[in-house]
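Peer 1: Chains as they are written, first to last, in this note's numbering: chain A, 260 to 344; chain B, 4 to 159.
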Amino acid sequence: MKVKVLYLASLREQLGKPGEDLEISPATSTVAGLRTLLMARGGAWQAALALGKGLRVAVNQEMAQPTTAVNPGDEIAFFPPVTGG
Amino acid sequence: MPVRIQTKDFDAGAEIAALRRDNPKIGAVASFIGVCRDANDGTAVTKMTLEHYPGMTEKALEKIVAEAKARWDVMEALVVHRVGELKPSEQIVLVVVTGAHRGEAFAACEFIMDYLKTRAPFWKKEETPQGARWVEARASDDEAAQRWEPPKSSAA
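Encoded structure:
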C-alpha cells in the first residue's frame, strides 16, 4: 500500500529529506511497524528514529501512538517534541 | 477564525478590539504575548526560525481552543502564532480570551498556552554565535500542561 511519510524540523535535517512516498507491505499495519521498517535502513535512520528520543508521530495530522493503525493513503509525520509559543 | 498562523507581526490592541466588538456582555479580557528573547540556556540568540506542520498546526490549535471553551465559561478565544524568521524582542504568539469574569478568562488563557507549548507542532531553531541549534523541549512545559489533566482514577 502507498503512504506519505513526512520528517519535520531536526528530523528532516538528520535524515536529509522532508519526506517520501512509500510503497509498504500491508503487514506494516501500525506506526510502530513503519518506524521499525524505516530504522532497518540503518545509519542515520536507525539513529534518528531510535526509541527513547521522545519522537512524536502524527497520522493524518492527529497525534498517534505506536499502536495507531496505518492505512493506504495515510500521511504519517515523524517529528521531535514541539517547541512553539 | 479563532486561530491564525502568519509570518507578519500582529497588533494585540487591534486584535483585542476586534474580538470585543459588539459584545457588551464581555467583562474580562485576558491575554498573553510570547516574545523572542536574546539569550537561551546561557547563550546569545541573534535570530530564530519558527517552523510548523501546515494543516496539523491549525487543527491542533482549534482543538485546544475548543477544549478551553468547553472547560471554562468564556466567550471568545483567539490564537495568532508567527512562523518564519524572528529577531529578539519580536512578538511570537498572542492568546486572547474574553469572558464575563476574569477568573475563567485567566485560566482558559493559561490553559491554551500550556497546551500550545506541548501539543501544537511548532519548532524553534536558534542562531547563536556558535552556530544554529534546534531548541530542546523543556520538562517544565510538560509539567505545566499536566496541571490541567483531570486527576487519574486510583481504581486501576
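Quick reminder that beta carbons are idealized off the backbone N, C-alpha and C, glycines included. Computed from a predicted structure; not experimentally measured.
How would you label B/Ala73, buried or exposed, when you count the other beta carbons within 10 angstroms and need 16 or more for buried?
Peer 2: Position 70 of the second sequence holds residue 73 of chain B. Burial call: exposed.
Peer 1: By a C-beta neighbour count over all protein chains shown, 10 Å radius and 16 as the cutoff for buried, is B/Arg24 buried or exposed?
Peer 2: In the second sequence, residue 24 of chain B corresponds to position 21, counting from 1. Result: exposed.
Peer 1: Does the CB of B/Ala159 have a neighbour CB from chain A at under 9 Å?
Peer 2: Within the second sequence, the letter at position 156 stands for residue 159 of chain B. At B/Ala159 the pLDDT is 46, less than 50, meaning the model places this residue with poor confidence; the figure from the coordinates comes in the next sentence. By this cut-off, B/Ala159 is not an interface position.
Peer 1: Alpha carbon to alpha carbon, how far is B/Ile29 from A/Gly332? Give it in angstroms, no decimals.
Peer 2: For this step, residue 332 of chain A is matched to residue 73 along the first sequence. For this step, residue 29 of chain B is matched to residue 26 along the second sequence. If you take the alpha carbons of A/Gly332 and B/Ile29, they lie about 46 Å apart.
Peer 1: Taking C-alpha atoms, which residue in B/Met51, B/Arg150 and B/Tyr56 lies nearest to B/Ser92?
Peer 2: Locating residue 92 of chain B in the second sequence gives position 89, counting from the first residue. For the residues B/Met51, B/Arg150 and B/Tyr56, the minimum Cα distance to B/Ser92 belongs to B/Met51.
Peer 1: Could you tell me whether the stretch 58 to 72 of chain B touches the stretch 129 to 142 of chain B, where touching means 3 or more Cβ pairs closer than 8 Å?
Peer 2: Look at the beta carbons and you see the stretch 58 to 72 of chain B not touching the stretch 129 to 142 of chain B: under three pairs across the two are nearer than 8 Å.
Peer 1: Could you compute how far the alpha carbon of B/Leu89 sits from the alpha carbon of A/Leu314?
Peer 2: Numbered from 1 along the second sequence, position 86 holds the residue referred to as residue 89 of chain B. Numbered from 1 along the first sequence, position 55 holds the residue referred to as residue 314 of chain A. Taking the straight line from one Cα to the other gives about 26 Å.
Peer 1: Taking the runs of the alpha helix (DSSP H) that are 4 residues or longer, which of them lie wholly in the stretch 44 to 85 of chain B?
Peer 2: Fully enclosed alpha helix (DSSP H) runs of 4 or longer: 59 to 74.
Peer 1: Within the chosen definition, does the stretch 68 to 85 of chain B reach the stretch 326 to 341 of chain A through at least 3 CB pairs nearer than 8 Å?
Peer 2: The stretch 68 to 85 of chain B is not in contact with the stretch 326 to 341 of chain A.
Peer 1: In terms of DSSP beta bridges, what is B/Gly134 paired with?
Peer 2: Position 131 of the second sequence, counting from 1, holds the residue named residue 134 of chain B. Beta-bridge annotation (DSSP): B/Gly134 is paired with B/Thr131.
Peer 1: Would you check if the distance between the CB atom of A/Ala299 and the CB atom of A/Leu270 is smaller than 9 Å?
Peer 2: Residue numbering aside, residue 299 of chain A sits at position 40 when the first sequence is read from its first letter. Residue numbering aside, residue 270 of chain A sits at position 11 when the first sequence is read from its first letter. Not in contact: A/Ala299 and A/Leu270 (Cβ atoms no closer than 9 Å).
Peer 1: Taking Cβ-Cβ distances shorter than 9 Å, what residues in chain C pair up with A/Leu267?
Peer 2: Given the protein chain composition of this structure (A and B), no chain C is represented.
Peer 1: Thinking B/Val99 and B/Glu18 are a contact (beta carbons under 8 Å), I'd like their distance in whole angstroms, please.
Peer 2: Sequence index remark: in the second sequence, residue 99 of chain B carries index 96 (1-based). Sequence index remark: in the second sequence, residue 18 of chain B carries index 15 (1-based). Yes, they are in contact, since the Cβ atoms of B/Val99 and B/Glu18 sit about 6 Å apart, within 8 Å.
Peer 1: B/Ile29 by DSSP, collapsed to three states: which one?
Peer 2: For this step, residue 29 of chain B is matched to residue 26 along the second sequence. Of the three classes helix, strand and coil, the one that applies to B/Ile29 here is coil, per DSSP.
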